[in-house]
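Q: The numbering of the sequence shown is the numbering used here, which starts it at 10 and goes up by one. Even glycine gets a Cβ: it sits at the ideal position worked out from N, Cα and C.
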Amino acid sequence: MELEKNVFVGTYARAPVVIQSGKGCELYDVDGKEYPDMTAGIAVYSLGHGDPDWVNAMIEQAHTLTHVGNLYYSIPQVRLEFYLIYLYGCDSWKAPPVANSGTEANEAAIKFARKFQRFSHPDKKLPATEFIAFTHSFHGRTMGSVALTSKEHYRLPFEPVMPGVKFIEYGNFEEAKKAIQHGKTAAVFIEPIQGEGGIYSATKDFLRALRTACDDAGALLVFDEVQCRLGRTGHLWLVRPLV
Ligand SMILES: Cc1ncc(COP(=O)(O)O)c(C=O)c1O
């Protein structure tokens, strides 16, 4: 822990424990002390540590091919997209490219929203470019995602960030409806259950009402399920069965 201070800039406030290994949902520190893993990274691996199927798949792939850039076709990539679409239960969809991290997924969603507005309104000089996010939100640390992150602690040191983001009180539909405007709002970003900001859940009614307001205004609705998908609530996806 002392050595770490010499080489890291101190971005994270860490608990004073050095984790060495994990098995299933148990973690072990360097002294062999066992801890139940209550965080799963930061809510990222639902399979636990050392899941045998995952380990075997990783080993097999590592022996086969390390990486291939997006300049070429790759069978596992296409297979994964088919599988995700199948799991999502929406045959007619084309899935967006898989991202390396939550913040990149949100950056991609920001760009998709801007592009969607531009292509949906080719006649407009300035299509909708603005975004709505919610109080207590966390969408990542890159410049677009951090602009959608309400907590000032994450955002203020990097200002000016992407302009045109309005924060609405989480769960306040009246305020959200007023803010979602045709020709102005490109997309609304929401965590159906907020993670970093505290465990706040949106109601089904709120999410459904947002869906309608966005559809009426021609805005996209982006569900950031980085912390609440892949089985973490008992459903594979959180919002798919709701909205
Ligand atoms: C809701 C949400 N979105 C985005 C992110 C950013 O994900 P990543 O750290 O993989 O960039 C997080 C990370 O905790 C998150 O909780």
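1. Counting along the chain, where does the beta strand (DSSP E) carrying Glu-178 start and finish?
2. Identify, in the order they occur along the chain, each residue of the same chain with its Cβ nearer than 8 Å to the Cβ of Ala-142, setting aside the five sequence neighbours on each side.
3. What residues in its chain sit with their C-beta under 8 Å from that of Glu-35, if we drop five residues either side in the sequence?
4. Three or more C-beta pairs closer than 8 Å, one from the segment 49-65 and one from the segment 16-36: is that the case here?
5. In this structure, how does DSSP classify Ile-51 when only helix, strand and coil are distinguished?
6. Spatial neighbours of Ala-188 within its chain, please: C-beta separation below 8 Å, excluding the five flanking residues on both sides.
7. What separation, rounded to the nearest whole angstrom, lies between the Cα atoms of Cys-223 and Ala-114?
8. What separation, rounded to the nearest whole angstrom, lies between the Cα atoms of Glu-184 and Thr-221?
9. If I'm right that His-145 touches Gly-206 with Cβ under 8 Å, what's the distance once you round it to whole angstroms?
10. Only counting the same chain, and skipping five residues up and downstream in sequence, which positions put a Cβ closer than 8 Å to that of Ala-117?
11. Which residues does DSSP list as the beta-bridge partners of Thr-194?
12. Tell me Gly-33's beta-bridge partners as DSSP assigns them.
13. Note the first and the last residue of the continuous beta strand (DSSP E) segment covering Glu-200.
14. Tell me whether Glu-90, by its Cβ, gets closer than 6 Å to a heavy atom of ligand 1.
15. State yes or no: is the C-beta of Pro-201 within less than 7 Å of the C-beta of Phe-232?
16. Spatial neighbours of Ile-208 within its chain, please: C-beta separation below 6 Å, excluding the five flanking residues on both sides.
A: According to the structure data:
1. Indexing the sequence shown from 1 puts residue 178 at position 169. Taken as a continuous stretch (DSSP letters only), Glu-178 belongs to no beta strand (DSSP E), as it is neither H nor E.
2. Here residue 142 refers to the residue found at position 133 when the sequence shown is read from its first residue. Excluding sequence neighbours, Ala-142 sits near His-148, Leu-157, Thr-158, Ser-159, Val-174, Lys-175, Phe-176, Ile-177, Val-197, Phe-198 and Ile-199.
3. Residue mapping note: residue 35 aligns to position 26 of the sequence shown, counting from 1. Within the same chain, Glu-35 has close Cβ partners Glu-43, Tyr-44, Pro-45, Asp-46 and His-58.
4. yes
5. The residue you call residue 51 lines up with position 42 of the sequence shown. Correct three-state label for Ile-51: helix.
6. Within the sequence shown, the letter at position 179 stands for residue 188. For Ala-188, where only same-chain residues beyond five positions count, the Cβ hits under 8 Å are Ile-141, Lys-175, Ile-177 and Thr-194.
7. The count along the sequence shown starts at 1 and reaches residue 223 at position 214. The count along the sequence shown starts at 1 and reaches residue 114 at position 105. Roughly 20 Å separates the two Cα atoms.
8. Position 175 of the sequence shown, counting from 1, holds the residue named residue 184. Position 212 of the sequence shown, counting from 1, holds the residue named residue 221. Rounded to the nearest angstrom, the two C-alpha atoms are 14 Å apart.
9. As a working note, residue 145 is residue 136 in the sequence shown. As a working note, residue 206 is residue 197 in the sequence shown. Correct: roughly 3 Å between the Cβ atoms.
10. Walking along the sequence shown from the start, residue 117 turns up at place 108. Contacts found: Pro-105, Pro-106 and Ala-108.
11. As a first step, residue 194 is located in the sequence shown; it is residue number 185 there, counting from the start. According to DSSP, which records beta bridges pairwise, Thr-194 is partnered with Glu-139.
12. For the purposes of this step, residue 33 is identified with residue 24 of the sequence shown, where counting begins at 1. Paired residue(s): His-58.
13. Locating residue 200 in the sequence shown gives position 191, counting from the first residue. Run containing Glu-200: none; DSSP gives neither H nor E here.
14. Residue 90 sits at position 81 when you count from the first residue of the sequence shown. Glu-90 Cβ: outside cutoff for every heavy atom of ligand 1.
15. Position 192 of the sequence shown, counted from the start, is the residue given in the question as residue 201. Position 223 of the sequence shown, counted from the start, is the residue given in the question as residue 232. Yes, the pair counts as a contact, with Cβ atoms nearer than the cut-off.
16. Locating residue 208 in the sequence shown gives position 199, where the first residue counts as 1. Closer than 6 Å at Cβ, skipping near neighbours: no residue.
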